[in-house]
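Report on the following structure.
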Amino acid sequence: MYRILKKFQDIQGAVSISGSKSESNRLILLRAYMSYFKIFNLSDSDDTQIMLSAIESDKKEINIGHAGTAMRFLTSYYSSISENSKILTGSNRMKQRPISILVDALKDLGCDIEYIEKSGFPPLKINGKNILTNSVTLPANVSSQYISSLMMLGVSLENGLKIKLSSEITSLPYILMTKKIIERIGGTSKIYDREITIEPLTEKVIPEQFVESDWSSASYFFSIVALSKSATLTLSTFFKDSLQGDSTLVDIYKIFGIETIFEEDHIILSKNKIDLPKSINLNLKDSPDLAQTVIVTCLGLGVDCTLEGLHTLKIKETDRLIALKNEIEKFNVDKVEITENSITLENNSNLKHEVIIDTYNDHRMAMSFAPLSLIVPIKINNPEVVTKSYVNFWNDLESLGFNILKNK
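According to this note's numbering, the stretch in the sequence shown is residues 93 to 500, in order.
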């Protein structure tokens, strides 16, 4: 357990954030499908290290722990390697996260996949084979990672792949990211209203790739600046033309008076004095990973909020809607309500001190609540969970003057 507090509410400094986990994992997988190319500024997250290790491993059983991206991406990858058999498994929570939509799609392509325990869920036995079918249909409203997984598979197939979507797309920015990364390495991808086409990539020489830093990780520092009295904070390496949907932070946090200035390869955050809104209503269907950060910012500032478009949060590392409700209620707020798709907060300005935050093996629960220590001292259980996406998080907070007392 860590006890976290910040004596003064002023923030000055600079933080260098590791490469995007989403970009890194896509580039690593595409490199495995195609031919070797250099990747700079790779994420140092646990999830990315798991992807690297799994692809390089010659073991028959691959355990990816809590890494949901690795589970979705590697299911397609192992299915396409002829005469290669793998068992793909993970943590207890991973065994509760559905994967049937992706498995059904791969089976429609002729892949050989079996459920070892519960039907529709990992672990999987995958017998790789040469995939000849070039068209598949699946719903697009559950997880964009299923679609991204198939898009990257399509690059490696002799006949490419046509993906027909039977429902509206969830988290479109992540699919657009996959498209743009495929194009960056020389591939061709087209996205229509309900159809995605991927051409086979025959190019053998792929240019070096640079990974922009992770906007999801940057979100916690946007929250810190919002909860501060005054701030000037530099974050690197970030660009205006980001592939990452979570770069919408720049617009969202204008609501809280945060100005973002882009300079070459970094951004500078500062806080302007504004009249905060009494309440906000946001649809985060294209950036659901920001929900925890945004609602905790609202909690600290005393702003009521309703966040919608969050149905995918129920199949993350934990059911994030239930987890948020449980932890926010500990601060004695007026009301927290959740539906299958949303969360609503009505604040009480007198937040309880020394609340112990449970993290549910979810990195984003730990990091989203940490900025609240600018307002009230808090305690966080299982703080090491942050390494899933942000290895240096606690060190970076200490560099900004946060006091982190371990085992307190």
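Glycine residues also receive a C-beta, built at the ideal position from the N, C-alpha and C atoms.
Here residue 297 is exposed. Its C-beta has fewer than 16 other C-beta atoms within 10 Å.
In its chain, beyond the 5 residues on either side, 147, 169 have a beta carbon closer than 7 Å to the beta carbon of residue 124. Residue range 287–290 is occupied by the beta strand (DSSP E) that includes residue 289.
A residue is called buried when at least 16 other Cβ atoms come within 10 angstroms of its Cβ; residue 262 meets this threshold and is buried.
Going by DSSP, residue 207 is part of the beta strand (DSSP E) stretching over 204–207.
Residues 401 of the same chain have their beta carbon placed closer than 6 Å to that of residue 377, with the five preceding and five following residues left out of the count. When DSSP assignments are scanned along the region 202–251, the uninterrupted stretches of alpha helix (DSSP H) that are 4 or more residues long and fall wholly within it turn out to be 236–248. Within the region 108–139, complete alpha helix (DSSP H) segments of at least 4 residues are found at 113–125, given in chain order.
For residue 428, the enclosing beta strand (DSSP E) begins and ends at 427–430. In terms of Cα proximity to residue 135, the closest of 120, 143, 113 is 113.
Judged by DSSP in its simplified three-state form, residue 94 adopts strand.
At the C-beta level, residue 272 and residue 335 come within 8 Å of one another. If only uninterrupted alpha helix (DSSP H) runs of at least 4 residues are considered, those enclosed by the region 301–361 are 307–319, 341–344. Between residue 427 and residue 172, the alpha-carbon positions lie close to 49 Å from each other. Three or more beta-carbon pairs separated by less than 8 Å link the region 190–208 to the region 238–255, which places the two stretches in contact. Looking at 252, 258, 302, 299, the one whose alpha-carbon comes closest to that of residue 281 is 252. Distance from the CA of residue 120 to the CA of residue 138, rounded to the nearest whole angstrom, comes to 14 Å. When C-alpha distances from residue 313 are compared across 463, 188, 265, 206, the shortest belongs to 463. Under the three-state reduction of DSSP output, residue 384 falls in the helix class. Per the Cβ contact rule, the region 205–216 is not in contact with the region 225–244 (fewer than 3 Cβ pairs under 8 Å).
Exposure of residue 93 is indicated by the presence of fewer than 16 other C-beta atoms within 10 angstroms of its C-beta. For residue 449, the beta-bridge partners assigned by DSSP are 472.
Annotation for residue 488: the continuous alpha helix (DSSP H) segment containing it runs 485–491.
Note on geometry: alpha-carbon atoms of residue 284 and residue 267 lie some 12 Å from one another. Under the DSSP definition of a beta bridge, residue 177 partners with 219. About 4 Å separates the beta carbon of residue 212 from that of residue 192, a gap short enough to meet the 8 Å contact definition.
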